[in-house]
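K.L.:
With the numbering used here as the guide, the letters of the sequence shown map in order to residues 3 to 197. Quick one: this structure, given as structure tokens, is what I'll be asking you about.
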Amino acid sequence: MTIILTILQKYWKLILIIILCILVYIFFKQIQNLKQNNDRLLTNVEQLMNNNNSKILELTKQEFKKNYYDKDSLLRSIVDSINIRYRNIERTINYKYYHIYDTTITLITTSDSTIKKFKHEFDKCVSVSGEVNWKKSIIKFDSLKLNMNTTTLYYWKRPHKFLFINWGKKEHFAVTKNNCSGETKMTDIEIVKEK
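What follows is the structure, encoded as structure tokens:
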């Protein structure tokens, strides 16, 4: 105990300088993390304010889970079907396409029953409406509605599992699902490092 006290009395200036350096390092590291977070948020705001059809947002895991994961039914169904942990998700991409093609509607006043109106929904994504003139063999489309939503999930998994321990080299996968057909496509991703 006396040795420690003699070292402290003899080198107290050096110890104080080391402690101050550690505190300054921690302080600058926190400032750097705050600056990176601020830049990320600024980029997200710029992306949201652009009029581009494509928007790329960089979210933290907490933001992603709170604002996106709970609201995207396709993403939740993919995660539930492949049974992965939330932490294994690397990236998600969601494409939403909604468009209504309208044509000019002309009123036809006729008393015969050769003109019939129709409206048909092929599936959740495509519906069409218009009218058919049976006598002249003419079909006229009034509107075509497309509503498509596709989600791609990139994740990783370890190939071997023993009890609760997963081990082995990470394997990367991509799963794509759309709301129209409910079809799921799984792709193996091989990452090769250049030498």
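Built from N, CA and C at the ideal position, the CB exists for glycine as well. It should be emphasised that the depicted structure is a prediction, and the values quoted were computed from it without experimental measurement.
Residue 156 lies in the beta strand (DSSP E); which residues open and close that run?
P.N.:
Residues 140-159.
K.L.:
DSSP state of residue 178, grouped into three classes?
P.N.:
Residue state, collapsed to three classes: strand.
K.L.:
Nearest by alpha-carbon distance to residue 85: which of 155, 6 and 10 is it?
P.N.:
Comparing Cα positions, the closest option is 155.
K.L.:
According to DSSP, residue 92 sits in a beta bridge with which residue or residues?
P.N.:
According to DSSP, residue 92 bridges with nothing at all.
K.L.:
Between which residues of its own chain and residue 80 is the CB-CB distance below 6 Å, once the five residues before and five after are set aside?
P.N.:
Around residue 80: 155, 177 and 179.
K.L.:
When you compare the CB positions of residue 120 and residue 129, do they come within less than 8 Å of one another, or not?
P.N.:
Their beta carbons are not under 8 Å apart, which means residue 120 does not touch residue 129 by this criterion.
K.L.:
Could you round the C-beta distance between residue 175 and residue 189 to whole angstroms and report it? I think they count as a contact, below 8 Å.
P.N.:
The Cβ separation is near 7 Å, so the contact holds.
K.L.:
If contacts are defined as beta-carbon pairs under 8 Å, then residue 45 and residue 65 qualify, I think. What distance do you get, rounded to the angstrom?
P.N.:
Their Cβ separation, rounded to whole angstroms, is 13 Å, which puts residue 45 and residue 65 out of contact at 8 Å.
K.L.:
According to DSSP, is residue 116 part of a helix, a strand, or is it coil?
P.N.:
Reduced to three states, the DSSP call for residue 116 is coil.
K.L.:
From residue 29 to residue 91, what does the alpha carbon distance come to, in whole angstroms?
P.N.:
The alpha-carbon atoms of residue 29 and residue 91 are separated by roughly 31 Å.
K.L.:
Please classify residue 18 as buried or exposed, where buried requires at least 16 neighbouring CB atoms within 10 angstroms.
P.N.:
Per the 10 Å Cβ criterion, exposed.
K.L.:
Tell me which same chain residues have a C-beta within less than 6 Å of the C-beta of residue 159, skipping the five on either side of it?
P.N.:
Excluding positions up to five away in sequence, the list reads 173.
K.L.:
From 161, 146, 40 and 14, pick the residue whose C-alpha is nearest to that of residue 100; which is it?
P.N.:
Checked all of 161, 146, 40 and 14; the closest Cα to residue 100 is 146.
K.L.:
What did DSSP end up calling residue 166 once you bin it into helix, strand or coil?
P.N.:
In the structure shown, residue 166 sits in coil (DSSP, three-state: anything other than H, G, I, E or B).
K.L.:
Excluding the five sequence neighbours on either side, which residues of its own chain have a C-beta within less than 6 Å of the C-beta of residue 97, listed in chain order?
P.N.:
Only 152 meet the Cβ criterion.
K.L.:
Taking C-beta to C-beta, are residue 127 and residue 181 nearer than 8 Å?
P.N.:
For residue 127 and residue 181, yes; Cβs fall inside 8 Å.
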